[in-house]
Amino acid sequence: MSVDLDRTPRNLLLCERSSLLDQKNRLSAQVQQLHFGYKVSVLLPECSSAPSHLDSVLNSFSSFYLIRKLPIYELLDSDFLQKAVYPGGVYGLSYRTRIDEDNCVALMPNVVSVDLTDSSMATGGRGYMRLLTGLKSRLRLQTDFLLSHHPGGGACLQPLLSRYDWSEHTPEVSHCHLTHLSCPAPRSCDPHGLLEWLGAVDADVSREDPSSSFLSSLTCPDPKTRLGGALRVSVCGLLLPPDVQRLIQELRRYLEQPLLESWVSLTVHGFVDSPVSWGDGKHGVLRGGDNFYNLLLFQDHTYQLHLATGAHDTCPP
C-alpha cells in the first residue's frame, strides 16, 4: 500500500466574517464564483415547515437538460454561440465523467480555456475554423452533457437540443424534520468542528454516539444547546449561482421574523468531478475533491462564510 493512501487528504478552508449592510462585502461576488453546484442544503433551527415564500424559491430553481452523446464541436455551432453563449448565462458540464480518468468539459459564462467571445473566435474566422476542425477530425470528444441557461430557460437551447437525444430535469427538493438536535454555538464554534457537525446533520449521521463507537465518533462541539426541532431542506441538480443568490435573499427576509433561533445555515456543494472549482481555477480531485462553501446568516445581518477546496486547487477568492 502506498504510504500516501493512509493519510487524510489535505484541504484549504477560508473563513470570512462581514455584514450584509457593509457595502464592501464580497458575498455576492463569491457566490457567483462557484459555477456548478449539485446540492444546496439549508438548515433552519426551531422550524417545522418552511414558509410558503421560502418554499416557493426552493421549488423554482432553473431546470436543466441532459443531452446524451453530445459531440463537443456542437458547442461551436454558430446559432448556439449567437443565441446562448454571447449573451451570457449558459452553463454546461460533462456528466458522469471523472477528472482523473476521462475527458471533462465545462462551459461557463466566460468559458474555461477557449474564450468563445474573443474576436479571434468569430464564426468563420481562422481561430474558429482551426478549433472546429480539430474537434471534428482529430479530437472527437463526445460526452453526456448537462446544460442550463439563466435567465430565459431553454428557448435559446432548443436548436441544439433538437439534434440529439435529450431530457429536461427539474432540481429535486427534499425536506426532513429533525427533533432533539444538539447544536453548537455557531458564532464561536471552531469552523472545522462546525462544518463537521453540519455535514453529519446533512448526512443524517448520529451525533450522539460515544467517542469510542465503531459506527461514528462524531460529537457535537461544546458549548452546545439542544434544539427542540429543525428543518433540513436540500435541492439537488445542476444548480446555478443566480438561483442561489435568490435563495440567500429569501433567507435574509426569513430571518427578519421573530424566531427562537437567530441564524440559518446554507451549504452549496460543487460537483466533485467538475474540471473547475472557484472561478475559472482548475479543480484537481486527486484524493480529496473538496469543492463547497457554507454560509451562516444571522439576524443582525452579519454572516460567516466558509470556503473549502482541495489543497491542489486554486485558492478561493
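Convert by adding 1 to the 1-based position in the sequence shown; the result is the number in our numbering. Cβ coordinates follow ideal geometry from the N, Cα and C atoms, glycine included.
Identity of the residue in the options nearest residue i by Cα
| i | options | result |
| --- | --- | --- |
| S278 | D314, E257 and L13 | D314 |
| L232 | S50, S263, N26 and L28 | S50 |
| D101 | D274, L55 and L239 | D274 |
| L199 | L71, V234 and G282 | V234 |
| E262 | L241, H193 and G229 | G229 |
| F299 | T310, Q258 and F272 | Q258 |
| E75 | S61, V202 and P160 | P160 |
| D16 | H302, F293 and S57 | Residue 16 is actually Cys in this sequence, not Asp. With distances taken between Cα atoms, C16 lies closest to F293. |
| P70 | T220, W167 and G90 | It should be pointed out that residue 70 corresponds to Lys in this sequence rather than to Pro. Nearest option by C-alpha distance: W167. |
| N104 | D78, Q143 and L77 | Q143 |
| G90 | R254, T98, L241 and H302 | L241 |
| R254 | P52, L14, K25 and V41 | P52 |
| P72 | G311, H302 and D145 | D145 |
| T303 | Q24, L13, N12 and L14 | Q24 |
| D78 | L158, N12 and L256 | L158 |
| V41 | N60, L256 and S20 | N60 |
Burial state of residue i (16 or more Cβ within 10 Å)
| i | result |
| --- | --- |
| L22 | exposed |
| R18 | exposed |
| N295 | buried |
| K84 | buried |
| Y87 | exposed |
| L306 | buried |
| P185 | buried |
| T226 | exposed |
| A156 | exposed |
| H54 | exposed |
| G93 | buried |
| H36 | buried |
| H270 | buried |
| G38 | buried |
| C48 | buried |
| H178 | exposed |
| S63 | buried |
Cut-off 6 angstroms between Cβ atoms - residues of its own chain near residue i, not counting five sequence neighbours on either side
| i | result |
| --- | --- |
| C190 | P222 |
| E173 | C237 |
| A107 | L94, V113, P276 and V277 |
| P243 | H151 |
| F272 | F37 and Y39 |
| T180 | G230 |
| L248 | V58 |
| P187 | W264 and L297 |
| S175 | S235 |
Paired residues, beta bridge with residue i - DSSP
| i | result |
| --- | --- |
| I249 | Answer is none; I249 lacks a bridge partner. |
| V174 | V236 |
| I68 | F146 and W167 |
| C16 | H307 |
| R254 | In DSSP, R254 forms no bridge with anything. |
| S266 | L44 and L297 |
| C184 | T226 |
| W279 | L35 |
| S95 | F146 |
Spatial neighbours of residue i in its chain, beta-carbon cut-off 7 angstroms, leaving aside the 5 residues before and after
| i | result |
| --- | --- |
| F65 | L147, L148, S149, H170, G238 and L239 |
| L67 | Y96, D145, L147, W167, S168 and H170 |
| L196 | N295 and H307 |
Chain-order list of residues whose beta-carbon lies under 8 angstroms from that of residue i (same chain, five-residue window excluded)
| i | result |
| --- | --- |
| Q246 | S29, V32 and Q33 |
| L252 | V43, L55, V265, L267 and L298 |
| R139 | Any reading at R139 must be qualified, since the residue scores a pLDDT of 49, below 50, and its modelled position is unreliable; the value itself is stated next. So the list is empty, once near-sequence residues are dropped. |
Supposed close pair residue i, residue j - CB separation, criterion 8 angstroms
| i | j | result |
| --- | --- | --- |
| L45 | V265 | 6 angstroms |
| A309 | D281 | Not confirmed; about 18 angstroms, so no contact. |
| W201 | L219 | The sequence given here has Ala at residue 201, not Trp. That pair is a contact at about 5 angstroms. |
Residue i beta carbon near the ligand NAP (any heavy atom closer than 7 angstroms)
| i | result |
| --- | --- |
| V32 | The ligand content of the structure shown is nil, which means the ligand NAP is not present either. |
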